[in-house]
Structure formats: C-alpha cells, structure tokens
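J.: The sequence shown begins at 1 in the UniProt record's numbering and counts up by one.
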Amino acid sequence: MAGPIEKMMVYLDGTEESIVAAEYAVCLAKGCGASLTALYVVNTRALNDLVRSRIFIESEEREYKSDLEEDAQRYLNHVQDLARKKGLAIQTIKSSGAINTEIKHKVEELDIDLLLIGELSRIQSRRDEFYNEVERAMRSVSCSVMIVKNEDRVWSLYESLV
C-alpha cells in the first residue's frame with residue numbers, strides 16, 4: 001500500500017522562506033518516498049497591472065518580465081541542486097499568470113497530495129491580506145497544505161540527510 005503522500009509540490013517565490021520550504025520538501029519527499037515538484041510562477045498578472053496603470057511602458061514590461069523569467073529559472077536551478085545533492089529526483093516547472101490560479105491549476109493537473117509553502121509574511125493591512133496570492137492559493141487548493149517554519153531546524157534536517 002502506498003503512503004498518504006505520494007506527490008508533493010513546493011511553491012517557490014524567490015524568498016528565503018520558500019527556499020526553506022524547498023529544503024524541507026526534499027527531506028520529506030526523501031523520507032516518505034514521494035515524488036517532488038517545484039513550481040515557480042512568474043506573476044504576469046501583476047506585471048499587466050503595472051502596464052495598465054502606466055507605471056511601466058511596454059518596453060520596460062518586456063525587460064522586467066525577462067528579469068523575472070531569469071530569476072525564476074535561477075531559483076528552480078538552485079532547488080534542483082538541493083535535491084540532487086541529496087539524491088532526489090525533482091521536477092521543476094516555471095509557469096506564468098496569476099499566482100493563486102497557477103498553483104491551483106498545477107495541484108489539480110499533477111494530482112498533488114501535499115503543497116508546501118514557506119512561512120507567510122506578516123499581514124500589515126487588510127489590503128495585504130486581500131492581495132496575498134499565496135495565501136489565497138493555500139485556501140483554495142484541493143490538497144493538504146504545509147507551511148514550513150523554523151529555518152534553523154530545517155537546515156539541520158537537510159544537512160543531516162544522507
């Protein structure tokens with residue numbers, strides 16, 4: 001009989017917290033024999049909003065989007081290295097769109113059992129709460145969600161993994 005967690009996905013957003021979540025995901029996937037996918041979503045929805053409100057002109061949008069795409073690939077490569085160092089295969093996916101929509105779509109498409117995310121930032125205002133797309137995704141996905149905390153403990157677990 002297979003365990004309760006067969007397919008895991010970690011969401012990366014370029015924050016230290018998401019890298020900590022990735023380290024923990026590697027430990028957990030290795031420990032329970034689950035497959036692991038890392039997802040990075042380039043937030044083109046926010047980019048489109050910047051163009052619409054005339055904060056960016058179209059040429060700036062292209063340049064900024066290119067920078068975001070490069071950042072996404074850099075983080076996915078880093079997480080791939082983290083997994084490889086511990087002998088774990090990992091699938092990486094770079095997607096574009098609205099963060100909460102893309103996370104939800106990939107969870108359903110890949111039939112994910114567990115979504116791991118980094119510790120959520122402190123809510124400073126109602127507006128922050130309303131616009132936190134990762135939190136919105138966490139509340140709307142069809143699978144269980146784990147919020148990874150305690151960077152020092154996670155680092156120790158990751159480092160001790162053979």
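Quick reminder that beta carbons are idealized off the backbone N, C-alpha and C, glycines included.
1. Ignoring anything shorter than 4 residues or poking outside the UniProt domain "UspA" (6-149), list the alpha helix (DSSP H) runs there in chain order.
2. What are the boundary residues of the alpha helix (DSSP H) that includes Leu-157?
3. Compute the beta-carbon to beta-carbon distance between Asp-113 and Ser-144, rounded to the nearest angstrom, for a pair I have assumed lies under 8 Å.
4. Looking at C-beta atoms only, is the number of pairs between the segment 91-101 and the segment 27-47 that lie closer than 8 Å three or more?
5. With a threshold of 8 Å, are at least 3 pairs of Cβ atoms found where one atom belongs to the segment 76-85 and the other to the segment 99-116?
6. Using only the alpha-carbon positions, how far apart do Gly-97 and Thr-15 sit?
7. For Ser-10, collect the residues of the same chain with a Cβ closer than 6 Å to its Cβ; drop the 5 residues on either side in sequence, then sort them by chain order.
T.: Straight from the coordinates:
1. Segments of the alpha helix (DSSP H) lying fully in the UniProt domain "UspA" (6-149): 16-32, 44-52, 58-85, 99-110, 126-131 and 133-140.
2. 151-160
3. 7 Å
4. Yes, since at least three Cβ pairs between the segment 91-101 and the segment 27-47 fall closer than 8 Å, the two stretches touch.
5. No, the segment 76-85 is not in contact with the segment 99-116.
6. Cα to Cα, Gly-97 sits roughly 18 Å from Thr-15.
7. Position check: residue 10 holds Val in this sequence, whereas Ser was assumed. Excluding sequence neighbours, Val-10 sits near Ala-21, Ala-22, Ala-25, Ala-38 and Leu-116.
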